[in-house]
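Heads up: the structure comes next, in structure tokens.
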Amino acid sequence: FGDPGTESWILECDGAALNV
Amino acid sequence: FDGGATHIDGSYFEGGGQVVRNAVALASITGQKLRISDVRANRRPSGLAYQHCTGVELVTRICDGVVGGAAVGSTEVRLAPGTIVPGRYVADPGTAGATALLAQAALPCLLLAGPLQNGGEEMEALGKGGGASAAAKERSGTESGFEQEGKAGEHVTASVSLVDYADDTEQEEAGPSHKEGMGAGKEGSAVTGGGFSSLLLRGGTDASKAPPIDYIKEVLFPTVKRLLGVELEMHVKRRGFYPKGNGELTVTITKSVERGKCLPAFSLTERGNVTSVHVRAFTAGALPQHVSEEMLQSARAVLDSFFSSPAFASPPPVQYESVRETPESAFGNGAGILLLAETSTGCRLAGSRVLERGQKGADAGREAAEDLVGDLRSGGCVDRYLQDQLVVFMAAAEGTSRLLIGRPTLHTCTAVWVAESMASARFRLLTHDGQPATNLLR
């Protein structure tokens, strides 16, 4: 279904490694 | 307050309640002081509404912080966070303010809180004496003050502020409807259980301009559990609708991140094939059941058309369910629909609608189905509503996370901006072949 690759993107994040 | 505080312009990007929720959640996790100006500048009326106040107050309590400006109509919020304290918290905006949004705001903090440190005894003491409430009142000196002090066996309610997802104006115009007042605080003996943090939330479960609680339960929670290795449970005791709210639910974190550890990075980039779709419509109160039948019929027409495409050699099974809520399971009048698609790789995408006043059931069903179909067509692993809700978890995580999304929404761009402003997280948008597409994000 659909056409992956034409209307989707990779959201990539270098996390901040937060803790408490 | 302002010394060293991170400033967030609340009018930027989406400019609504989401900025407030994400900013206070990240402030509580980072321990950074926060000042948000021009709160909900893009909404009418601007400033905090009841549900936003409650969310700010709830997070303030969880992080044992000090808050200023957490009052209805306030256009500036200041938060000096303390240390996140695991506990059993209760929040009640006293309106139909969305419980889903309260859960969203509190969840990142509670996932990092670790187990209860004193086996729940601390909470009991709070409930009996109202000591924490009084202490918090003294510390925070909120404008609105605490509405109630705790009594033995009762929830301790604190003062509150405001509300919303995109624009909760409608729900908030009615003001508090609960005579006991709005609030957010720790609670006493009403939520029992083991040594885990929990939330008892009251208000609207199915409110316009906010995700329905079924979406949080069926999409956000399972996805967070799968990606982060935590365990969450939600029990919806009673639905509540505009204008009176009075819904009630509990969220229990039965497995959080070990205190001092970070959330793990995750990768969700393989969508797989749709293996099933479950469509559930409900009516409650004065709304007749044929409304849910209308929602199902129009949703079915959209799904039938989509799955009849030659692209589907074997369309997935689609299950339709019409639910008539009882006086015990729902307070007031309302209706809604949720279409949940599951894929072979474990992705969960959904479309949903809460029936608006005067709206035809058929229109709500069609719109919800068109949302889902549009997101399935895009090829992403998440629907348009989940993409921004995962940003805060990516920002807090240790390592690099990747998420296959459809076209970035304004809410997602806003969440990214807040996360980068509040933490050292850095986001990129890439095409499938790894090329930067940051103009879409920024």
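If you're matching them up, the sequences are chains W and H in order.
Note that the first sequence covers residues 88 to 107 in the numbering used here.
Note that the second sequence covers residues 13 to 454 in the numbering used here.
Yeah, the Cβ is synthetic: ideal placement off N, Cα and C, and Gly gets one too.
Since the structure is predicted, the reported quantities are computational estimates derived from the model, not experimental observations.
Is residue i helix, strand or coil by DSSP?
i	result
residue 2 of chain H	Here chain H comprises residues numbered 13 to 454, so residue 2 of chain H is not present and cannot be evaluated.
residue 252 of chain H	strand
residue 310 of chain H	helix
residue 423 of chain H	helix
residue 379 of chain H	helix
residue 121 of chain H	helix
residue 431 of chain H	helix
residue 290 of chain H	strand
residue 447 of chain H	coil
residue 279 of chain H	strand
residue 30 of chain H	helix
residue 96 of chain H	coil
residue 227 of chain H	helix
residue 303 of chain H	helix
residue 335 of chain H	strand
residue 107 of chain H	coil
residue 112 of chain H	helix
residue 218 of chain H	coil
residue 177 of chain H	Note that residue 177 of chain H scores 27 on pLDDT, short of 50, meaning its location in the model is unreliable; the coordinates nonetheless yield the value given after this. Three-state DSSP puts residue 177 of chain H in coil, outside helix and strand.
residue 269 of chain H	coil
residue 442 of chain H	strand
residue 236 of chain H	helix
residue 315 of chain H	helix
residue 452 of chain H	helix
residue 102 of chain W	coil
residue 244 of chain H	strand
residue 284 of chain H	coil
residue 107 of chain W	coil
residue 257 of chain H	strand
residue 101 of chain H	strand
For chain W, find out if any of its Cβ atoms is closer than 8 Å to the Cβ of residue i; answer yes or no.
i	result
residue 414 of chain H	yes
residue 439 of chain H	yes
residue 15 of chain H	no
residue 9 of chain H	Residue 9 of chain H lies beyond the range of chain H shown here (13 to 454); nothing can be said about it.
residue 103 of chain H	no
residue 419 of chain H	yes
residue 82 of chain H	no
residue 85 of chain H	no
residue 390 of chain H	yes
residue 350 of chain H	no
residue 472 of chain H	With chain H represented from 13 up to 454, any question about residue 472 of chain H goes unanswered, as that position is not in the structure.
residue 134 of chain H	Annotation note: pLDDT 38 at residue 134 of chain H (below 50); position unreliable, coordinate value reported separately. Output row for residue 134 of chain H: interface = no.
residue 452 of chain H	yes
residue 53 of chain H	no
residue 41 of chain H	yes
residue 277 of chain H	yes
residue 293 of chain H	no
residue 449 of chain H	yes
residue 436 of chain H	yes
residue 18 of chain H	no
residue 114 of chain H	no
residue 125 of chain H	yes
residue 72 of chain H	no
residue 442 of chain H	yes
residue 281 of chain H	yes
Below 8 Å on the Cβ atoms is my contact criterion, and I expect residue i with residue j to pass it. Report the Cβ-Cβ distance as a whole number of Å.
i	j	result
residue 37 of chain H	residue 117 of chain H	6 Å
residue 98 of chain W	residue 417 of chain H	5 Å
residue 293 of chain H	residue 304 of chain H	4 Å
residue 51 of chain H	residue 89 of chain H	6 Å
residue 46 of chain H	residue 91 of chain H	5 Å
residue 276 of chain H	residue 409 of chain H	6 Å
residue 381 of chain H	residue 311 of chain H	4 Å
residue 4 of chain H	residue 103 of chain H	No information on residue 4 of chain H is available, as it lies outside the stretch 13 to 454 that chain H covers here.
residue 102 of chain W	residue 246 of chain H	Actually they are not in contact, since the Cβ atoms of residue 102 of chain W and residue 246 of chain H sit about 26 Å apart, beyond 8 Å.
Q: Return the chain-ordered ranges of every beta strand (DSSP E) run that is complete within the stretch 32–93 of chain H and spans a minimum of 3 residues.
A: Here the runs fully enclosed are 46–49, 78–80 and 89–92.
Q: Give the residues from the stretch 260–275 of chain H that approach chain W closer than 8 Å (Cβ to any Cβ), ordered along the chain.
A: Taking 8 Å as the Cβ-Cβ cut-off against chain W, the residues of the stretch 260–275 of chain H that qualify are 269, 271, 272, 273, 274 and 275.
Q) Using a Cβ cut-off of 8 Å, which residues of the stretch 214–244 of chain H contact any Cβ in chain W, in chain order? A) Answer in chain order: no residues at all.
Q) Which residues, in chain order, does the stretch 87–102 of chain H contribute to contact with chain W at a C-beta distance below 8 Å? A) Of all residues in the stretch 87–102 of chain H, those with a C-beta nearer than 8 Å to a C-beta of chain W are 95 and 96, reading in chain order.
Q) Which full runs of the alpha helix (DSSP H) of 4+ residues lie inside the stretch 343–422 of chain H, going along the chain? A) Entirely contained in the stretch 343–422 of chain H, the alpha helix (DSSP H) runs reaching 4 residues are, in chain order, 373–390, 398–401 and 403–408.
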